[in-house]
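These notes are about the structure you will find just below.
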DNA sequence: ACAATTTAGTTGACCTGTCAAATAAAAAGT
DNA sequence: ACTTTTTATTTGACAGGTCAACTAAATTGT
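Residue numbers (full-length UniProt numbering), protein chains in the order written: chain A, 1 to 154; chain B, 1 to 154.
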């Protein structure tokens, strides 16, 4: 009468998030490894530099809002990147609280060097994904992201 | 002749991964917050317990392989969960290196309590995603995951 | 049998991520 | 003008994540 000896599978409730977490772990490891050998940058550093180059803004707050990287982490990371000569901070004229961030020439050089290989990686990642599928993919990400802002579950 | 005063946007090369990273940050914050109030479990603890309940295995190695959580982290987490009375370790008969993990009754109770709310969250996340779109979404995840295993970029 | 290799799990060191409290400068309300 | 509230950034404390070296037990090759 061994019936539920192994009280097995029902629903892996958090399957979407489970899959995403695992994918994320794998993507991070890949990016970290590529960046390390190709530029010496850490993943966060790369993300910060890319975001600053890409978007039309340059303060910690904006960086934190767009990337969802914790502002505490950013504050420290930025300080260390200024030390390393990757970023420059210039105080805002009007608002004495805010600092504007700009890439140094050195940072731009490093990014330029890392870019082709990171671009190749991006191409590799998306090689077998059709344009339509990618569009759906982004659409689903948008929806998940919107829903994930909800803190109270009904 | 101010031309490229702001040497702006080209391609945010790592756009897919950028989007995924941001989504992940948001999902983690949501799950962490829900779990904390509904069960006192941390996100990793929940992931470990769910994975053990869901899959047909129970050793650290297998857990590490399937979740991509670092085995070092797992080793320590498992030890602390044994301390807390969430897991039990029983040594393998044949292979003296391996330990089999099982949820304690306490862990099962906690999971049972957290499950409905986590299930509700999952439903909320996928509420507006059609079956077809979700299928495409998983397909793309599979491809990204496969491509992310490549460490050398051509 | 036994040396060489592989494998499961542990440990140390160190970086990343998160939360909350603290500071200090604006902005809003009175 | 002055108190209250909001906002940008910093700091402290601590959990999570990653890497590499290590131990001990299996497995493989001879």
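Ideal placement from N, C-alpha and C gives every residue a C-beta, glycine not left out.
Exercise. Can you tell me whether residue 2(B) is buried or exposed, with buried defined as 16 or more other CB within 10 angstroms of its CB?
Worked result: Position 2 of the second chain, counting from 1, holds the residue named residue 2(B). Its pLDDT being 33, under 50, residue 2(B) is placed unreliably by the model, and the measurement read from it follows with that caveat. By the neighbour-count rule (16 or more Cβ atoms within 10 Å), residue 2(B) is not buried but exposed.
For this session: Kindly indicate if chain A contains any beta-carbon less than 8 Å away from that of residue 57(B).
Result: Here residue 57(B) corresponds to residue number 57 of the second chain, with the count starting at 1. Cβ-Cβ to chain A under 8 Å: no for residue 57(B).
Exercise. By the 10 Å Cβ neighbour count, where 16 or more other Cβ atoms means buried, how is residue 73(B) classified, buried or exposed?
Worked result: Here residue 73(B) refers to the residue found at position 73 of the second chain. Exposed: under 16 other Cβ atoms inside 10 Å.
For this session: Report yes or no: is there a C-beta of chain B within less than 8 Å of the C-beta of residue 30(A)?
Result: Sequence index remark: in the first chain, residue 30(A) carries index 30 (1-based). Yes, residue 30(A) lies at the interface with chain B (some Cβ there is under 8 Å from its Cβ).
Exercise. From residue 64(A) to residue 49(A), what distance separates their C-alpha atoms?
Worked result: Along the first chain, read from residue 1 onward, the residue named residue 64(A) stands at position 64. Along the first chain, read from residue 1 onward, the residue named residue 49(A) stands at position 49. Computed Cα separation, rounded: 13 Å.
Exercise. Does residue 26(A) have its Cβ less than 8 Å from a Cβ in chain B?
Worked result: In the first chain, the residue the question calls residue 26(A) occupies position 26. So yes, residue 26(A) belongs to the interface.
Exercise. Start and end of the beta strand (DSSP E) containing residue 88(A)?
Worked result: Taking the first chain and counting its residues from 1, the one referred to as residue 88(A) is at position 88. 87-91 is the extent of the beta strand (DSSP E) around residue 88(A).
Exercise. Using the beta-carbon count (16 or more within 10 Å), is residue 77(A) buried or exposed?
Worked result: Within the first chain, residue 77(A) is the residue found at index 77, counting from 1. With 16 or more Cβ atoms within 10 Å of its Cβ, residue 77(A) is classed as buried.
Exercise. Nearest to residue 111(A) by alpha carbon, out of 59(A), 28(A), 46(A)?
Worked result: Stepping through the first chain from its first residue, residue 111(A) is reached at position 111. Of the candidates 59(A), 28(A), 46(A), the one whose C-alpha sits nearest the C-alpha of residue 111(A) is 46(A).
For this session: For residue 67(B), name the three-state secondary structure that DSSP assigns.
Result: Position 67 of the second chain, counted from the start, is the residue given in the question as residue 67(B). Looking at residue 67(B) - three-state DSSP - the assignment turns out to be helix.
Problem set entry | For residue 43(B) and residue 51(B), believed in contact at Cβ under 8 Å, the rounded distance | The residue labelled residue 51(B) in the question sits at position 51 within the second chain. The residue labelled residue 43(B) in the question sits at position 43 within the second chain. The beta carbons of residue 51(B) and residue 43(B) sit about 12 Å from each other, so the pair does not count as a contact at 8 Å.
For this session: Using 10 angstroms around the beta-carbon of residue 130(B), count the other beta-carbons present and answer buried if the total reaches 16, otherwise exposed.
Result: What you label residue 130(B) is simply residue 130 of the second chain in a count that begins at 1. Classification for residue 130(B): exposed.
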